[in-house]
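Engineer: Chains as they are written, first to last, in the numbering used here: chain X, 7 to 183; chain U, 7 to 183; chain F, 7 to 183; chain E, 7 to 183. The structure under discussion is supplied below as structure tokens; questions concerning it will follow.
4 protein chains.
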Amino acid sequence: MTTRVIILNGGSSSGKSGIVRCLQAVLPDQWLAFGVDSLVEAMPARMRASDEGIVFAADGGVSVGADFRALDAAWVEGIVAMARAGARVVIDDVFLGGAASQQRWQKALGGLAVLWVGVRCESAVAAGREIARGDRVPGMAAAQAEVVHEGVFYDLEVDTTRTESLECARSIAAHLG
Amino acid sequence: MTTRVIILNGGSSSGKSGIVRCLQAVLPDQWLAFGVDSLVEAMPARMRASDEGIVFAADGGVSVGADFRALDAAWVEGIVAMARAGARVVIDDVFLGGAASQQRWQKALGGLAVLWVGVRCESAVAAGREIARGDRVPGMAAAQAEVVHEGVFYDLEVDTTRTESLECARSIAAHLG
Amino acid sequence: MTTRVIILNGGSSSGKSGIVRCLQAVLPDQWLAFGVDSLVEAMPARMRASDEGIVFAADGGVSVGADFRALDAAWVEGIVAMARAGARVVIDDVFLGGAASQQRWQKALGGLAVLWVGVRCESAVAAGREIARGDRVPGMAAAQAEVVHEGVFYDLEVDTTRTESLECARSIAAHLG
Amino acid sequence: MTTRVIILNGGSSSGKSGIVRCLQAVLPDQWLAFGVDSLVEAMPARMRASDEGIVFAADGGVSVGADFRALDAAWVEGIVAMARAGARVVIDDVFLGGAASQQRWQKALGGLAVLWVGVRCESAVAAGREIARGDRVPGMAAAQAEVVHEGVFYDLEVDTTRTESLECARSIAAHLG
């Protein structure tokens, strides 16, 4: 069965988006890219400052409420449906719930072939890149660096600490076969 | 049956995005927003300059190729699947194919309740707003103003020529009941 | 003396940026555009959440501190220096201090010819457009709509409530002669 | 004499913007940041597709015309005037003309103290990061990697090939004393 879904999981500022854009450039087929950032953008602006939506605390903590979870669940179903309908889809996500977050995708994916990729980055390096980006709440990178990988299994792990996005993308592409 | 899908169709710079953000603000429930712009962003960068993808000509013409059409079709299935999974979804699209573009959505929607909204704007006014935005190829607004509505039916039409986005959104919200 | 400086003053979401882009399109010469948004972007990210910098309160209020004022004063000198060096410059600003804000520019401009333009928009309409933009703290438009014009004199006033950006730009261009 | 101006020169995708944001974060004083990207944004949209303005060729080549040069010269005068007026200013530029581009700044700076920083990045690595960014014409990074440094002298050089932005910023900050 051809793999039509790649899911990248990693903390904030670990380099997921850069890898995704490189994957879209190096893979011969055309892949759609979605992720938690595009999901948040699709939500009403008012949800970005509501306990029912998503709250970015001043210390870098992120918490989500019931409304976020409901839309997130439907979004996961929809992204998987795109793959079932024939699209190739690469997703970048932040498994704030660790293994539970992965199970949410697994349940929706059913028997669909998927490549699970862990995106690691040393906490201090990710925190530095967070400063270089300038558009993120300081502290998110450090807060998420380890916790998002807890109990999660991968087909492949890449580490952006000392490896460029393009090289990581090539490793992932090679693994796809 | 509760309407969980709103589809806005209109030419470039007719004011769809502004209406969508107002809808998300005035509707009591939380609605996800997707559109042709977010679809294009999800595609590989190389497709934005390829005959197989999407080409923005210097005169404002837009043409799409086989790769675009394939991903677009799967995307439509996925967006509809989000609604089937319980999300409320508002979509803004540009029916370059007129009635055929609408049928593409209808086929995917099956029996799902949908509110069809036509977004009109006088060609000259839309062309002026295109200049005010500064990030669009000049000519798109005028080229699309009429053609996207050909053969398309609506539950409701709004006209942004002399009506504010918020007022248009309130008319749409009132129609939802 | 040729006018090389145009200064637009108006509240948040009154339509200044759209008019500026239209001015750049309709004026035969090439004009540089700067404004309070580009100034804030040029400041360190940490100043966007500091009493010494600029604070956007949840109710739409905006207050600036000593660091902001110091950089703002030097920025004004620099923008005026660009005009003295031969550039044509259009500036959009928000005179939170009313007449005092205008005097700050006048002092820097010395004898340089300048066209003062007031950009009006009915408070309720600006508040609606603020929602349609989706990226501003709700309340800024209403809070600033009147206060920024207090004690300020203009060569020309435009009102975007029922007039398009392009038409406002054409009036300003006509006034330049 | 206190150094109030830092000028970073490097090719496209060499990492200048990330270093600038880190500098703004690690330096104790508040520094304004300007650069060639913000200059291009300040120009009329029509100049981005005109021989008199700036042309980004499909092969990554960049050429500028008379209108660009005239506005650029006035912009340089204005940025330097901000420093003379008391602001601390960090600039990122691309010296397409090598030594001649540096002389343009020197002439405007007069006796003002400035820290010249070369930002190096191996061509292949910069080309990879260009793909990861996804919003640049492919080829610019490779085309500019070496040529922008020809005949240019520096107080300090940093190399982002294997050094993080934050670390580069700390070296620059240490050099400021």
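A virtual CB, placed ideally from N, CA and C, is assigned to each residue, including glycine.
1) Under a three-way DSSP split, which group does Val100 (chain X) fall into?
2) What are the uninterrupted segments assigned as alpha helix (DSSP H) that are 4 or more residues long and contained completely in the region 50 to 108 of chain E, given in chain order?
3) Only counting the same chain, and skipping five residues up and downstream in sequence, which positions put a Cβ closer than 6 Å to that of Pro34 (chain U)?
4) With respect to the beta strand (DSSP E) encompassing Asp165 (chain X), which residues constitute its N-terminal and C-terminal limits?
5) If I follow the unbroken beta strand (DSSP E) through Gly24 (chain U), where does it start and stop?
6) For the putative contact between Ser19 (chain F) and Ala130 (chain F), defined by C-beta atoms under 8 Å, what is the C-beta separation to the nearest angstrom?
7) Can you give the beta carbon distance from Gln30 (chain E) to Ala51 (chain F), rounded, assuming they're within the 8 Å contact cut?
8) Just checking my contact of Ala91 (chain E) with Gly84 (chain F) at CB under 8 Å: how many whole Å lie between their CB atoms?
9) Between U:Ala39, U:Gly17, U:Arg27, which has its C-alpha nearest Arg10 (chain U)'s C-alpha?
10) Tell me which residues of the region 73 to 88 of chain E have at least one Cβ-Cβ distance to chain F shorter than 9 Å, keeping chain order.
11) Expressed to the nearest angstrom, what Euclidean distance is found between the alpha-carbon atoms of Gly157 (chain U) and Gly104 (chain U)?
12) Confirm, please, whether the CB-CB distance from Leu14 (chain U) to Asp78 (chain U) is below 9 Å.
13) Using the C-alpha atoms, what's the distance from Leu172 (chain U) back to Gly124 (chain F)?
14) So Glu136 (chain U) packs on Ala151 (chain U), CB below 8 Å; how close in whole Å?
15) What in chain U is Cβ-close to Gln36 (chain X), meaning under 9 Å?
16) Taking 6 Å as the limit between beta carbons, can you name the residues of its chain near Arg94 (chain F), skipping five residues before and five after?
17) Could you please give me the residues that DSSP links to Val42 (chain X) through a beta bridge?
18) Report the three-state DSSP secondary structure of Val143 (chain F) (helix, strand or coil).
19) When Cβ atoms are compared, which residues of the region 129 to 142 of chain E fall closer than 7 Å to chain U?
20) Strictly below 8 Å CB to CB, what residues from chain F border Ser44 (chain E)?
21) Within 9 Å (strictly less), CB to CB, does Gly116 (chain E) reach chain F?
22) May I ask you to list the residues that DSSP assigns as paired with Val11 (chain X)?
23) In angstroms, rounded to a whole number, what distance separates the CA positions of Arg27 (chain X) and Asp161 (chain F)?
24) How many whole angstroms separate the CB atoms of Gly24 (chain F) and Pro144 (chain F), which I take to be in contact at a CB cut-off of 8 Å?
25) So who's on the other strand from Arg126 (chain E), going by DSSP bridges?
26) What residue from U:Gln112, U:Asp73, U:Lys22, U:Trp122 has the CA that sits closest to Arg139 (chain F)'s CA?
27) Do we get a CB-CB distance below 9 Å when we pair Leu33 (chain F) with the residues of chain U?
28) Under the rule that 16 or more other beta-carbon atoms within 10 Å means buried, what is Thr166 (chain F), buried or exposed?
29) How would you write the range of the alpha helix (DSSP H) that Ala179 (chain E) sits in, first residue to last?
30) Look up Trp37 (chain E) in the DSSP assignment and give the residues it is bridged to.
31) Examine chain F for any beta-carbon lying closer than 9 Å to the beta-carbon of Gln30 (chain U), and answer yes or no.
32) Would you tell me roughly how many angstroms separate the C-alpha atoms of Pro164 (chain F) and Cys174 (chain F), rounded to the nearest one?
33) Just tell me which of F:Glu170, F:Leu182, F:Leu45 has its CA closest to the CA of Val120 (chain F).
34) Which residues, in order along the region 87 to 101 of chain E, keep a beta-carbon less than 7 Å from a beta-carbon of chain F?
35) Here's a check: name, in chain order, each residue in its chain whose Cβ is nearer than 7 Å to the Cβ of Phe101 (chain F), leaving out the five neighbours to either side.
36) Check the Cβ of Phe40 (chain E) against every Cβ in chain F and list those closer than 8 Å, keeping chain order.
Structural biologist: On the basis of the coordinates in this document:
1) By 1-based counting over the first sequence, the position of residue 100 (chain X) is 94. In the structure shown, Val100 (chain X) sits in coil (DSSP, three-state: anything other than H, G, I, E or B).
2) Within the region 50 to 108 of chain E, the alpha helix (DSSP H) runs of at least 4 residues that lie entirely inside it are, in chain order, 72 to 90.
3) Along the second sequence, one-based indexing puts residue 34 (chain U) at 28. When the five nearest sequence neighbours on each side are left out, no beta carbon in the same chain lies closer than 6 Å to the beta carbon of Pro34 (chain U).
4) Taking the first residue of the first sequence as position 1, residue 165 (chain X) is located at position 159. Annotation for Asp165 (chain X): the continuous beta strand (DSSP E) segment containing it runs 162 to 165.
5) Along the second sequence, read from residue 1 onward, the residue named residue 24 (chain U) stands at position 18. Note, Gly24 (chain U): premise wrong, no beta strand (DSSP E); alpha helix (DSSP H) at 22 to 32.
6) For the purposes of this step, residue 19 (chain F) is taken as residue 13 along the third sequence, with counting starting at 1. For the purposes of this step, residue 130 (chain F) is taken as residue 124 along the third sequence, with counting starting at 1. Between Ser19 (chain F) and Ala130 (chain F), the beta carbon gap of about 11 Å keeps them out of contact (Cβ cut-off 8 Å).
7) What you label residue 30 (chain E) is simply residue 24 of the fourth sequence in a count that begins at 1. What you label residue 51 (chain F) is simply residue 45 of the third sequence in a count that begins at 1. 7 Å between Cβ atoms; contact.
8) Start at 1 with the first residue of the fourth sequence, and residue 91 (chain E) comes out as number 85. Start at 1 with the first residue of the third sequence, and residue 84 (chain F) comes out as number 78. With a Cβ gap of about 7 Å, Ala91 (chain E) and Gly84 (chain F) count as contacting.
9) In the second sequence, counting from the first residue as 1, residue 10 (chain U) sits at position 4. In terms of Cα proximity to Arg10 (chain U), the closest of U:Ala39, U:Gly17, U:Arg27 is U:Ala39.
10) Going along the region 73 to 88 of chain E in chain order, one finds Asp73, Phe74, Ala76, Leu77, Ala79, Ala80, Trp81, Val82, Glu83, Gly84, Ile85, Val86, Ala87, Met88 with a Cβ nearer than 9 Å to chain F.
11) As a working note, residue 157 (chain U) is residue 151 in the second sequence. As a working note, residue 104 (chain U) is residue 98 in the second sequence. A straight line joining the alpha-carbon of Gly157 (chain U) with that of Gly104 (chain U) spans about 6 Å.
12) Within the second sequence, residue 78 (chain U) is the residue found at index 72, counting from 1. Within the second sequence, residue 14 (chain U) is the residue found at index 8, counting from 1. Taking 9 Å as the Cβ cut-off, Asp78 (chain U) and Leu14 (chain U) do not qualify as a contacting pair.
13) Looking up residue 124 (chain F) in the third sequence gives position 118. Looking up residue 172 (chain U) in the second sequence gives position 166. Cα-Cα distance, rounded: 24 Å.
14) If you number the second sequence from 1, residue 136 (chain U) lands on position 130. If you number the second sequence from 1, residue 151 (chain U) lands on position 145. About 10 Å; that fails the 8 Å criterion.
15) As a first step, residue 36 (chain X) is located in the first sequence; it is residue number 30 there, counting from the start. Think of a sphere of 9 Å around the beta carbon of Gln36 (chain X): the chain U residues whose beta carbon falls inside it are Met49, Pro50, Arg52, Met53, Glu58, Gly59, Asp73, Phe74, Ala76, Leu77, in chain order.
16) Counted from its first residue, the third sequence places residue 94 (chain F) at position 88. Same-chain partners within the cutoff: Arg10, Asp35, Trp37.
17) Within the first sequence, numbered from 1, the residue matching residue 42 (chain X) stands at position 36. Answer by DSSP bridge pairing: none, since Val42 (chain X) is not bridged.
18) On the third sequence, residue 143 (chain F) is found 137 positions in, with the first residue counted as 1. Reduced to three states, the DSSP call for Val143 (chain F) is coil.
19) Closer than 7 Å at the C-beta level to chain U, one finds these residues of the region 129 to 142 of chain E: Gly140.
20) Indexing the fourth sequence from 1 puts residue 44 (chain E) at position 38. By Cβ distance, chain F contributes Ser44, Glu47, Ala48.
21) Position 110 of the fourth sequence, counting from 1, holds the residue named residue 116 (chain E). No, its Cβ sits nowhere closer than 9 Å to a Cβ of chain F.
22) Counted from its first residue, the first sequence places residue 11 (chain X) at position 5. As a beta-bridge residue in DSSP terms, Val11 (chain X) pairs with X:Val95, X:Val120.
23) By one-based count along the first sequence, residue 27 (chain X) stands at place 21. By one-based count along the third sequence, residue 161 (chain F) stands at place 155. Roughly 50 Å separates the two Cα atoms.
24) Along the third sequence, one-based indexing puts residue 24 (chain F) at 18. Along the third sequence, one-based indexing puts residue 144 (chain F) at 138. Not quite, the Cβ-Cβ distance comes to about 20 Å (not below 8 Å), so this is no contact.
25) As a working note, residue 126 (chain E) is residue 120 in the fourth sequence. Partner residues in the beta bridge of Arg126 (chain E), as assigned by DSSP, are E:Asp165.
26) What you label residue 139 (chain F) is simply residue 133 of the third sequence in a count that begins at 1. Here the closest residue by C-alpha is U:Lys22.
27) Looking up residue 33 (chain F) in the third sequence gives position 27. Closer than 9 Å: no.
28) Locating residue 166 (chain F) in the third sequence gives position 160, counting from the first residue. Buried.
29) For the purposes of this step, residue 179 (chain E) is identified with residue 173 of the fourth sequence, where counting begins at 1. DSSP places Ala179 (chain E) inside the alpha helix (DSSP H), whose first and last residues are 171 to 182.
30) Indexing the fourth sequence from 1 puts residue 37 (chain E) at position 31. Trp37 (chain E) is bridged to E:Arg94.
31) Counting from 1 along the second sequence, the entry for residue 30 (chain U) is found at position 24. It does; some Cβ of chain F falls within 9 Å.
32) Within the third sequence, the letter at position 158 stands for residue 164 (chain F). Within the third sequence, the letter at position 168 stands for residue 174 (chain F). One point to set straight first is that residue 164 (chain F) is Val, not Pro, in the sequence displayed. Val164 (chain F) and Cys174 (chain F): Cα-Cα distance of roughly 6 Å.
33) Looking up residue 120 (chain F) in the third sequence gives position 114. Ranking F:Glu170, F:Leu182, F:Leu45 by CA distance to the CA of Val120 (chain F) puts F:Leu182 first.
34) Contact residues of the region 87 to 101 of chain E toward chain F are Ala87, Met88, Ala91, Gly92, Ala93 (C-beta to C-beta distance below 7 Å).
35) Counting from 1 along the third sequence, the entry for residue 101 (chain F) is found at position 95. Cβ neighbours of Phe101 (chain F) beyond the five flanking positions: Asn15, Ser107, Gln108, Val154, Val158.
36) Taking the fourth sequence and counting its residues from 1, the one referred to as residue 40 (chain E) is at position 34. Simply Ala48.
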